[in-house]
Amino acid sequence: MRFSIAGVLALVIGLLGAAPAFSADEPDLIFKKSTVWKFLTPDHKLATYAIDDPLVDGVACHFTVPEKGGVSGWLGVAEEVSDVSLACRQVGPVTIKENFEQGEEMFRQRRSLVFKKMQIVRGCDVKRNVLVYLVYSDKLIEGSPKNSTSTVPLMPWGDQAPPKCGDYLTD
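With my numbering, letter number 104 in the sequence shown gets 123, and the count goes up by one each step, no holes.
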């Protein structure tokens, strides 16, 4: 079977536009730092982003992901590595807008053309009244053990008492 370059490029462009990249609002880019210089093409970088939990007002997460440069990164077809770091904090009075399940997806981003995605999921440590966030990257074909966890103890903010996250868990 023979493939033309135009046909392959049309397929790639179609696949890139076929699936949404994010399940929540797009994150805010805080900064990028070059890690490997590339001649005439974009450098490899680490990119740090911020995202507010769409279900929990008063909680924000920051995550850093590697972004491949070179020709494949420039064309948007590079398979990104699974290394992601995560830090979540209470940034204001916490209001939980609705019930949620343990391990419910808070954010999702594609990390390759088709197979790999990065997800941030949320849970609740009922005993300690702590929101727990887990970021991991996986493939549709095989899982990836790389992950990072961050916790947000729900604390009073000014004179406002914190909610109990266990009150918002679904069965």
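Ideal placement from N, C-alpha and C gives every residue a C-beta, glycine not left out. On a predicted model such as this, the values are computed, not experimentally measured, just so you know.
Closest residue to residue i among the options (Cα-Cα distance)
i       : options                           : result
Phe-82  : Lys-64, Cys-184, Pro-46, Gly-177  : Pro-46
Pro-182 : Lys-165, Thr-114, Val-110, Pro-85 : Thr-114
Pairwise C-alpha distance: residue j and residue i
i       : j       : result
Met-174 : Ala-180 : 7 Å
Pro-112 : Pro-172 : 12 Å
Leu-188 : Lys-136 : 25 Å
Glu-120 : Val-145 : 12 Å
Asp-190 : Lys-52  : 43 Å
Trp-176 : Asp-44  : 25 Å
Phe-50  : Val-140 : 23 Å
Glu-86  : Thr-170 : 25 Å
Asn-118 : Val-84  : 29 Å
Ala-157 : Thr-67  : For clarity, residue 157 is Asp in the given sequence; the question names Ala instead. Those two C-alpha atoms are separated by around 20 Å.
8 Å contact criterion, which residue i and residue j should meet: CB distance rounded
i       : j       : result
Cys-107 : Ala-69  : About 10 Å; that fails the 8 Å criterion.
Met-125 : Asp-178 : Going by Cβ atoms, the distance from Met-125 to Asp-178 rounds to 28 Å, so no, they are not a contact pair.
Gln-138 : Arg-127 : 5 Å
C-beta contact flag for residue i and residue j at 9 Å
i       : j       : result
Val-151 : Gly-142 : yes
Ser-167 : Leu-105 : yes
Gly-185 : Asn-148 : yes
Lys-116 : Leu-74  : yes
Lys-165 : Asp-76  : no
Discussion item. Which runs of the alpha helix (DSSP H) at least 4 residues long sit entirely within the region 100 to 127? Give them in chain order.
Written reply: none
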